[in-house]
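Quick note: the first sequence uses our numbering, first residue 21, plus one each step. Every residue gets a Cβ at the ideal spot worked out from N, C-alpha and C, and that includes glycine. What follows is a set of notes on a single structure, which appears directly below.
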Amino acid sequence: MYLQFRDDVEDALTSALEALDLPTDDLGVEDPPEGVDAVLASSAAFRLAGEVGAPPPQVAGQIADEIDAGAYELVEAASAQGPYVNFVPSDAYYEETAEEAQRADFGHLEPTGEEVVVEHTSANPTGPVHVGRARNPIVGDAVARVLSFAGHDVDTHYYVNDAGRQMAVFTWAYETFDEADLDSEPERDKADYDLVRYYRKGNDFLENADPDEVEEAEDEIQAIMQGLEEGDEETYQRVQEVVDTVLGGMRESLDRLPAEFDEFVKETRFLRDGSADDVVTRLKELDEAVYEEDAWQLDLDEYGIEKNFVFLRSDGTTLYATRDLAHHEWKFDNYDRAVTVLGEDHKLQARQMNASLDLLGNDTDQLRQVIYSYVNLPEGKMSTRAGTGIDLDDLLDEAIDRAREEVETRLDDRIRDDDLTDEDVERIAEQVGIGAVRYDIVSKQPTKAITFEWDRALDFEAQSAPYVQYVHARCCGILEEAGITPDGSSDLAGDFDASLLETEAERELLEVVARFPAVIEEAAEDLEPHVVATYTREIAETFNTFYRECPVLADDVDEDLRDARLALVAASKHAVGNALQVLGVAAPRSM
RNA sequence: GGGCGUGUGGCCUAGUGGAUUAGGGCAGGAGGUUCCUAACCUCCUGACCGCGGGUUCGAAUCCCGUCACGCCCGCCA
């Protein structure tokens, strides 16, 4: 109802301004601060003061006087308060919000019919996923979920770099060295941990071995790259064996988050189907194309990019960026919009690609990038090749261990005599542990750098996943106690009269619940899932106040009030649970 | 050197032009459970929003300068 209420408010403001013969392009509709008794407000009077020739409060008064609140079902009153026009919603607003939020899919926006592809993670299949890159799957998965909630048809893609020099090096190393040549055991019994040792060994060899031997190796690596470029089937199969094996291991780790993909799109696909060649041909024909130092380049000066963009090497092979152009044109052919989640180090390439796609005649408005900063260790960067860094698996294991300890500690001094089975404890430990990791990362603005510290990442206190999850569990606890099974499918509450929810705590909770669809809308529009995390904190806080002040199932609570409060609990459960779902954080029924 | 990004109490963080004399959390201090889960709640202590100018009726938010940190400036990915 919040979105409808906002429509009403905008409509009322527009009519009023028109009646006063004032411009309607800037309505200034905003959320009033805490403590103001209104759900929406307009600050338009500030800007109109000059035109009217009167101080803002007076202009606000005129606007408020001009508004006929009675004409709108959801608007109770519009009144000037200083320079603001405040809008108080009607009882119908609260009642319809409570009704709307009974649906298990509360927060989903109307289907848009728009097909969107979200590409994220796309880490080179060189070894285990480490925490430095973990922001990508976590943010990317949340972005995809947000867009899906906002009504788009979303596909998630992992772009697999299986055609570059790194994979040629890896394939050569894997075929060249034996287990006996390696100086360590795999850190885990998993394909990516096993094979990364060859990759590290290969790189170490190329850096430190005898120059003649290195040259020989380089020839073999070069042969692999040429083979891929020419679409040689045997070379392709050799590389695929390494790629698929390592990727398989990485997927297992990513699945734990969970970050799952609809499709793994391989780079070699665009070499094999000729589209990369096609891109090269078309680029060469551009006025901006230059042939310098035996290589084909693009002069992107007109896009404010000084550096020339090399799209064809002197040996005639394409580069990653060239293939990525073909990849993106393929996305444009198959989707209405494309979103890519990228580390900040890819920012320049993203600009180059946008410019190049534009020159090739594409509508680059279809493409948006979400940029995030890397997670570093206090002592510096994480690197797969160097073997420095925290593996995602280790972080998740540690998180679950700490969460399990926490559950067991609380088991001893808990008041309620529910009996958690060992399975419950394990389930809670996983939900809380992994949830805490995801939440910690997704709740921060992606542009901010994160320095990884165990204790900070795994803090289960307030403003963390468990704090929010606990509210969800509390909701479920109350509903179950009342004989309602919160399984998400059936209608949770029966008949109820929302007008009985009169206390401040109840009203505020209902107001926060009401905003959830608008939060989804905003997060999807700006591709900022962290605003959903901010929202979960708000609703959790508001719910806890309600929980303290408004008993639901106590004996002295009137039956009708009890039903109304149960409906409010169900509404809160849907808002919190669905918000957590958008963030990819589990919503436990008990904890 | 150039470009981009970030800078909010001891630590982490929201807010990126309007009701803010900056909102939370952690840490520190004081309380709260005969009552639907205390992974909770209440109260206290603590910030000239990196620094200096400017624009504006109004600036953490915009502009200029400056400092610090991060990232980028490969015929790597």
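Checklist entry - Which whole-angstrom value is the C-beta distance of leucine 362 and isoleucine 391, which I expect to be below 8 Å? => result 6 Å
Next on the checklist: Could you tell me the alpha carbon to alpha carbon distance between aspartate 161 and glutamate 130, rounded to whole angstroms?
Outcome noted: 21 Å
Checklist entry - In whole angstroms, what separates the C-alpha of tyrosine 323 from that of glutamine 483? => result 43 Å
Checklist entry - When DSSP labels each residue in this structure, what does histidine 177 get in the three-state scheme? => result strand
Checklist entry - Considering glutamine 451, what are the terminal residues of the alpha helix (DSSP H) in which it resides? => result 442-462
Item to check | When Arg388, Pro231 and Ser35 are compared against aspartate 546, the one with the closest alpha-carbon | outcome: Arg388
Next on the checklist: In the DSSP output, which residue or residues are listed as bridge partners for glutamine 78?
Outcome noted: Answer by DSSP bridge pairing: none, since glutamine 78 is not bridged.
Next on the checklist: On the CB-based measure, 16 or more other CB atoms within 10 Å of its CB, does glycine 70 come out buried or exposed?
Outcome noted: exposed
Next on the checklist: Restricting to Cα atoms, I'd like to know which of Ile244, Pro43 and Gln489 is closest to alanine 423.
Outcome noted: Gln489
Checklist entry - Rounded to a whole number of angstroms, what is the C-alpha to C-alpha distance between alanine 61 and phenylalanine 480? => result 36 Å
Next on the checklist: Using CA atoms only, rank isn't needed, just tell me which of Lys464, Ile470 and Ala419 is closest to glutamate 446.
Outcome noted: Ala419
Item to check | leucine 332 and serine 376 closer than 8 Å at C-beta | outcome: no
Checklist entry - Which whole-angstrom value is the C-beta distance of tyrosine 213 and proline 148, which I expect to be below 8 Å? => result 6 Å
Item to check | Bounding residues of the alpha helix (DSSP H) (the contiguous stretch that carries serine 618) | outcome: Outside the modelled stretch of the chain, which goes from 21 to 611, sits residue 618, for which no answer is possible.
Checklist entry - Between leucine 379 and alanine 544, what straight-line distance do the alpha-carbon atoms span, to the nearest angstrom? => result 28 Å
Checklist entry - Would you say alanine 595 and glycine 127 are within 8 Å of each other, going by their C-beta atoms? => result yes
Checklist entry - Do valine 299 and alanine 315 have their CB atoms nearer than 8 Å? => result no
Checklist entry - How should alanine 65 be labelled, buried or exposed, when 16 other C-beta atoms within 10 angstroms of its C-beta is the threshold for buried? => result buried
Checklist entry - Which residue spans inside the stretch 132-171 form an unbroken alpha helix (DSSP H) run of at least 4? => result 155-169
Checklist entry - Out of Asp356, Glu561, Val552 and Asp57, which has the shortest C-alpha to C-alpha gap to isoleucine 461? => result Val552
Checklist entry - If you draw a straight line from the alpha carbon of aspartate 230 to that of valine 359, how long is it in whole angstroms? => result 45 Å
Checklist entry - Going by alpha carbons, who is nearest to valine 427 out of Asp583, Ile448 and Asn598? => result Ile448
Item to check | the stretch 163-174 / the stretch 261-271 touching (three or more Cβ pairs under 8 Å) | outcome: no
Item to check | Supposed close pair leucine 520, alanine 584 - CB separation, criterion 8 Å | outcome: 4 Å
Next on the checklist: For the structure I just gave you, are there three or more beta carbon pairs, one from the stretch 133-153 and one from the stretch 174-184, closer than 8 Å?
Outcome noted: yes
Checklist entry - Around the Cβ of asparagine 598, are there at least 16 other Cβ atoms within 10 angstroms (buried) or fewer (exposed)? => result buried
Next on the checklist: Assuming the contact rule is C-beta atoms closer than 8 Å, tyrosine 340 and glutamate 364 should be a hit. Round their C-beta distance to whole Å, please.
Outcome noted: Contact flag wrong, Cβ pair sits at about 18 Å.
Item to check | Identity of the residues DSSP links to tyrosine 104 by a beta bridge | outcome: Gln101
Item to check | Status (buried if at least 16 other CB within 10 Å, exposed otherwise) for leucine 37 | outcome: buried
Next on the checklist: Three or more C-beta pairs under 8 Å: does that hold for the stretch 35-50 against the stretch 565-584?
Outcome noted: no
Checklist entry - Exposed or buried, what is serine 334 when buried is set at 16 or more other beta-carbons lying within 10 Å of its beta-carbon? => result exposed
Next on the checklist: Quick check: the stretch 463-473 against the stretch 491-503, are at least 3 beta-carbon pairs closer than 8 Å?
Outcome noted: no
Next on the checklist: Does the structure place the stretch 245-256 close enough to the stretch 286-296 that three or more beta carbon pairs sit under 8 Å?
Outcome noted: yes
Item to check | From Arg582, Ala200, Leu68 and His550, residue whose alpha carbon lies closest to that of proline 43 | outcome: Leu68
Item to check | First and last residue of the uninterrupted alpha helix (DSSP H) at phenylalanine 197 | outcome: Looking at the DSSP string, phenylalanine 197 is not in any alpha helix (DSSP H), and its letter there is neither H nor E.
Checklist entry - If you count every other CB in all the chains shown that lies within 10 Å of the CB of leucine 603, and 16 or more means buried, which is it? => result buried
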